[in-house]
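Enquirer:
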Amino acid sequence: MIEYFVGIGQYAKEKERDMNLINTMINEVRKQDFDNVLEINIKNNEVESKVKAFYEDVVKDALFHQKGNFFLGGGLRLDNYNEKKLKQACDFCEINEKIQAKIKELVEEYINTYNNRAFLLLKINDKSPKELFEEKFLKRMFETGYKLLDGEHICHLCGKKGEVFEKFGYSFYTNDKQIYSCINDKDKWGIVVCFDCLTNILFARKYIEEHLSTYWLDCSVMFIPHYFDETVADIYESSQIDNDGSVTSFLQRLRTHENDVISDIGKTNSLTDIVFYSENPTNKSWKIYHAITSVLPSRFTKLAELLKEYDLTFWQIFNIIANVKVIGDNPETTLKEKLRFLDAIFHGKKIDRNLFFKRVMAYYKVRFKVDEHRKYFVMRSINKVYNFLVDCGCLEKGVKQVDYKDYHELFADNPQYFDTDEKKAWFILGRVFDYVNYNMKGSNKSEGSDKTSLEKKFFFARKFNYQDFIYFCNLLEDKAIKYNITTNYFKNMITEAKTYMANSKNQLPYDEAKYLFFWGIDSYFKKSEEDKEMEE
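When you read off a place in the sequence shown, starting at 1, and then add 42, the result is the number in the working numbering.
1) Tell me residue 291's beta-bridge partners as DSSP assigns them.
2) Shortest alpha-carbon distance to residue 360 belongs to which of 369, 547 and 428?
3) Indicate whether residue 205 and residue 236 have their beta-carbon atoms separated by less than 8 Å.
4) Alpha helix (DSSP H) containing residue 515: first to last residue?
5) In whole angstroms, what separates the C-alpha of residue 290 from that of residue 395?
6) Measuring CB to CB, does residue 166 end up less than 8 Å from residue 197?
7) Please list the segments of the alpha helix (DSSP H) lying wholly inside the stretch 135–212, counting only runs of 4 or more residues, in order along the chain.
8) With C-beta atoms as the reference, is residue 403 less than 8 Å away from residue 319?
9) If you count every other CB in all the chains shown that lies within 10 Å of the CB of residue 160, and 16 or more means buried, which is it?
10) To the nearest angstrom, how far is the alpha carbon of residue 155 from that of residue 92?
11) Only counting runs of 4 or more residues, tell me where the alpha helix (DSSP H) segments fall wholly within the stretch 63–132, in order along the chain.
12) Could you have a look at residue 337 and say whether DSSP puts it in helix, strand or coil?
13) Going by CA-CA distance only, name the one from 507, 234, 127 and 103 that's closest to residue 111.
14) Our contact map puts residue 168 next to residue 83 with C-beta atoms below 8 Å; I'd like the distance itself, whole angstroms only.
15) Check for me: the alpha helix (DSSP H) holding residue 564 runs from which residue to which?
16) Name, in chain order, the residues that DSSP records as bridge partners for residue 332.
17) Kindly indicate which three-state DSSP category residue 311 falls into: helix, strand or coil?
18) Work out the CA separation of residue 458 and residue 43 for me, nearest whole Å.
19) What are the uninterrupted segments assigned as beta strand (DSSP E) that are 3 or more residues long and contained completely in the stretch 340–380, given in chain order?
20) Give the straight-line distance between the Cα atoms of residue 269 and residue 276, rounded to the nearest whole angstrom.
21) DSSP three-state label for residue 236, please.
22) Candidates 246, 420, 476 and 389: which alpha carbon is nearest residue 435's?
23) Please report the distance separating the alpha-carbon of residue 391 from that of residue 437.
24) In the DSSP assignment, the alpha helix (DSSP H) including residue 263 goes from what residue to what residue?
25) Give me the DSSP bridge partner(s) of residue 529.
26) Is there contact between the stretch 538–554 and the stretch 365–384, where contact requires at least three CB pairs shorter than 8 Å?
27) Return the residue from the list 450, 364, 523 and 506 that minimises the CA-CA distance to residue 259.
28) Let me check understanding here. Comparing Cα to Cα, which of 101, 70 and 67 lies closest to residue 79?
29) Starting from the C-beta of residue 61, find all residues in its chain whose C-beta is less than 8 Å away, skip the five residues before and the five after it, and write them out in chain order.
30) Can we say the stretch 441–451 touches the stretch 508–523, given the rule of at least three CB pairs closer than 8 Å?
31) Where residue 191 and residue 288 are concerned, what is the direct C-alpha to C-alpha distance, given to the nearest angstrom?
32) Helix, strand or coil, according to DSSP, for residue 485 in the structure here?
33) Looking at the structure shown, is residue 495 part of a helix, part of a strand, or coil, going by DSSP?
34) Just list the residues that DSSP pairs residue 255 with in beta bridges.
35) Buried or exposed, going by whether 16 or more other CB atoms sit within 10 Å of the CB of residue 116?
36) Closest to residue 140 by CA distance: which of 89, 506 and 152 is it?
Next comes the structure, spelled out in structure tokens:
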């Protein structure tokens with residue numbers, strides 16, 4: 043992945059006029075963390091101090107850089123004050139120890155009198171570290187911060203031989219060696235880069251933070267194009283003015299206009315890595331959770347079209363398929379599980395069919411228990427997600443999303459899915475259950491408007507195997523006798539279901555049988571006049 047930063051940084055270095063090399067090395071701070079700037083000026087061996095309102099560019103004036111234990115520059119966050127860092131800042135500004143003692147007194151007096159919500163800026167004769175020590179800062183950064191190695195070595199990114207650096211502004215923590223171990227020697231860790239590649243990477247980091255990063259699916263994410271030019275930049279740098287006058291950047295819109303953004307990424311004509319990560323605020327290291335690598339632009343286009351066609355978002359998809367457990371009435375998932383499914387979707391990898399039905403029926407069960415499965419068209423949503431995954435290449439045997447007159451028409455039009463008698467049997471049995479339950483509610487007020495005795499006796503945790511099928515058939519026939527349900531519609535359906543099951547090989551996974559049964563319960567058909575007569 044890091045090799046693609048070079049191209050991004052090269053573009054940023056040439057095109058971004060407000061970006062310079064030193065600024066790529068400066069640590070940013072959050073304005074809301076500070077109230078003031080404590081400015082201490084050493085002039086003619088005298089120490090002067092004054093307090094100013096905080097301004098964000100103070101870190102640039104101070105040449106402030108801190109990563110882990112490495113500290114450089116003539117400024118200091120007083121909310122992280124310690125004597126060692128104050129001495130390092132004073133030494134950088136070439137202030138003698140006698141003056142340093144006075145500065146220490148002033149700083150500690152300020153903290154004790156007011157608070158530590160301030161940034162210290164040291165000045166020499168009214169000049170900031172930026173005005174006095176830029177060359178010194180750069181020299182120290184390259185020699186120590188990025189660890190210039192002795193002798194000549196080959197850059198792992200461009201192959202050029204010469205001076206190289208052991209560090210390049212990024213620290214990765216990941217188990218995925220294929221993505222981030224770019225070094226050719228298996229006995230070594232990390233990479234070394236030449237000066238040109240290092241500076242390109244530094245420019246890239248700043249550019250990526252501004253234009254190629256966002257928060258999506260509960261995680262920080264970067265989109266890293268393998269090829270970067272003005273056409274690609276125009277897409278990622280675009281923004282939109284909202285109705286309230288606020289400006290939303292391109293990738294920020296991913297949370298509200300997912301398919302539009304994904305569609306536009308397809309127009310970059312570049313392979314793209316999608317990297318999910320978190321950043322340690324203390325040492326600026328990254329923990330890579332997952333990287334979806336080398337996604338084709340045409341794949342972005344196709345997924346955008348499918349999201350639009352099925353009127354879905356990834357949040358809706360993962361809410362249904364990525365739950366790993368159910369606590370009470372709440373299905374829960376993990377970031378790892380969501381990203382595993384997302385990787386499969388972006389690359390068209392096969393998803394375990396049995397796992398899919400197990401997950402979606404766990405989600406359905408939650409809605410069924412609180413009687414929301416029909417209110418929110420849960421089965422229709424599950425079917426949309428199923429067919430979306432079929433079109434993505436992750437599952438097989440899709441079903442056409444059209445209205446049918448009855449289940450016979452559904453079976454006839456979708457032979458690729460209803461390819462076994464057992465599938466048809468479970469679906470029809472769901473229709474029988476719904477029909478009997480409906481008649482029970484209508485014929486006896488003692489059943490109540492909430493749940494009938496049939497629903498109360500029905501156990502969701504059953505295996506949905508052949509024995510359960512026979513049990514359900516007997517139960518439904520008993521209820522039909524008790525409630526005088528004698529229509530040909532009922533008789534034909536229960537007979538048809540039994541006939542299909544008698545001819546089946548009993549090889550259908552239990553969770554898919556459960557899915558078909560509840561799909562039958564919640565399905566809607568355009569009834570013909572003949573059907574209406576049969577139901578009466």
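All residues carry an ideal CB built from backbone N, CA and C; glycine is no exception. Predicted model, so just to flag it, every value in this text is computed and none were measured.
Expert: So, to answer that:
1) The bridge partners DSSP lists for residue 291 are 281.
2) Comparing Cα-Cα distances from residue 360 to each of 369, 547 and 428, the minimum goes to 428.
3) A contact, by the Cβ cut-off of 8 Å.
4) Element bounds for residue 515: 508–524.
5) Taking the straight line from one Cα to the other gives about 39 Å.
6) Against a cut-off of 8 Å, the Cβ pair of residue 197 and residue 166 comes out as no contact.
7) For the stretch 135–212, whole alpha helix (DSSP H) runs of length 4 or above, ordered along the chain, are 139–155, 171–174 and 176–182.
8) Contact: no.
9) Under this definition residue 160 is a buried residue.
10) In this structure, the straight-line span from the alpha carbon of residue 155 to that of residue 92 is close to 14 Å.
11) If we require 4 residues or more, the alpha helix (DSSP H) runs fully inside the stretch 63–132 come out as 63–67 and 100–104.
12) Under the three-state reduction of DSSP, residue 337 is assigned to strand.
13) Looking at the Cα atoms, 127 is the closest of the given residues.
14) Right, the Cβ-Cβ distance comes to about 6 Å (below 8 Å), so this counts as a contact.
15) For residue 564, the enclosing alpha helix (DSSP H) stretches over residues 552–564.
16) Residue 332 is bridged to 318.
17) Coil.
18) Taking the straight line from one Cα to the other gives about 41 Å.
19) For the stretch 340–380, the full-length beta strand (DSSP E) segments reaching 3 residues or more read 365–369 and 372–375 along the chain.
20) Straight through space, the alpha carbons of residue 276 and residue 269 are spaced by roughly 13 Å.
21) DSSP places residue 236 within a strand segment (E or B) once states are collapsed to three.
22) Comparing Cα positions, the closest option is 389.
23) Distance between the alpha carbons of residue 391 and residue 437: 9 Å.
24) No alpha helix (DSSP H) holds residue 263; the beta strand (DSSP E) holding it covers 261–267.
25) Paired residues: none, contrary to the question.
26) Judged by Cβ distances under 8 Å, the stretch 538–554 makes no contact with the stretch 365–384, as fewer than three pairs qualify.
27) Per the Cα distances, 364.
28) Checked all of 101, 70 and 67; the closest Cα to residue 79 is 101.
29) For residue 61, where only same-chain residues beyond five positions count, the Cβ hits under 8 Å are 54, 55, 245, 248 and 249.
30) Counting Cβ pairs under 8 Å, fewer than three are found: no touch.
31) Using only the alpha carbons, I get a separation of about 48 Å.
32) Helix.
33) It is helical.
34) Residue 255 has 264 as its beta-bridge partners, per DSSP.
35) Residue 116 should be labelled buried.
36) When 89, 506 and 152 are compared, the shortest CA-CA separation from residue 140 is found for 89.
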